[in-house]
Amino acid sequence: MKFFIDTANLAQIKEANELGILDGVTTNPSLMAKEGIRGEENIVNHYKAICEMVDGDISAEVISTEFNGIVEEGKKLAAIHPNIVVKVPMIKDGVKAIKWFTDNGIRTNCTLVFSAGQAILAAKAGAAYVSPFIGRVDDSGWEGTELIGQIANIFGIQGYKTEILAASIRNPNHIIKCAELGADVCTCPLDSILGLLKHPLTDIGLAKFLEDAKKL
Ligand code: E4P
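Add 1 to the 1-based position in the sequence shown for the numbering used here, that's all there is to it.
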């Protein structure tokens, strides 16, 4: 399973990248706004900075919601760097635009996916990635990780090439479950990645080793 970081914060991207386990980055308009990035030039420069930092796929989301706007915006985003993947919402015009991008050699990440049916449509349109939002499914009282298993099962049976990018990760256990259930990629906040490091027995064991090392 590949690891992406789900942020537009350059310091966090750098920290995750320095761990040596980072395969890519996902952003969305909320994450970009959180970093105070405004205006087309600053947005483009921010994506360039991320692409220079991480050697992997970088998702950049369109804001348009109608076909022509999505296509025009996506073409501009894709022109920033070869590693840019255009993130397109799961709406009717979004599916049409994903098919257009597929036919024109531009890779896409279909975002805001909450059902297996939506994932099938994204795969049929040729999306490189489909992003089921498991944390938001949990928030609404359902079991988000079940969606990952269901989509993985369907994609396996149908032979779809679209990669399952588990998104809206809230904790380290989500990452473990996604790995178990066959997600191809997990995009995670830095805290959830670092949370995988933690185990109290590791801390206790290391303290004892260091204490005993003083006797050597
Ligand atoms: C990533 O592609 C998604 O936009 C992101 O994981 C959504 O996460 P959230 O539900 O925590 O906002």
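In this text, a Cβ means the ideal position worked out from N, Cα and C, and glycines have one as well.
Predicted model only: the values in this text are computed from it and were never measured.
Closest residue to residue i among the options (Cα-Cα distance)
| i | options | result |
| --- | --- | --- |
| E73 | H82, T27 and V87 | V87 |
| L23 | E36, A34, K15 and F4 | F4 |
| I149 | L211, K97 and P133 | P133 |
| A34 | V55, Y161, A180 and E62 | E62 |
| T27 | G21, G106 and Q13 | Q13 |
| T112 | A126, Y130 and I81 | Y130 |
| K93 | H47, S65 and L20 | S65 |
Cβ-heavy atom distance, residue i to the ligand E4P, below 7 Å
| i | result |
| --- | --- |
| R39 | no |
| N29 | yes |
| G183 | no |
| G21 | no |
| F4 | no |
| D58 | no |
| A168 | yes |
| S65 | no |
| S132 | yes |
Per-residue burial, residue i [other beta carbons within 10 Å of its own, 16 or more giving buried]
| i | result |
| --- | --- |
| T163 | buried |
| S31 | exposed |
| K215 | exposed |
For residue i, the first and last residue of its enclosing beta strand (DSSP E)
| i | result |
| --- | --- |
| A61 | D58 to E62 |
| G25 | G25 to T27 |
Bounding residues of the alpha helix (DSSP H) (the contiguous stretch that carries residue i)
| i | result |
| --- | --- |
| P173 | P173 to L182 |
Q: Return the chain-ordered ranges of every alpha helix (DSSP H) run that is complete within the segment 93–156 and spans a minimum of 4 residues.
A: 93–104, 117–125 and 135–140
Q | alpha helix (DSSP H) runs wholly inside the segment 29–54, at least 4 long, in chain order | A | 30–35 and 41–54
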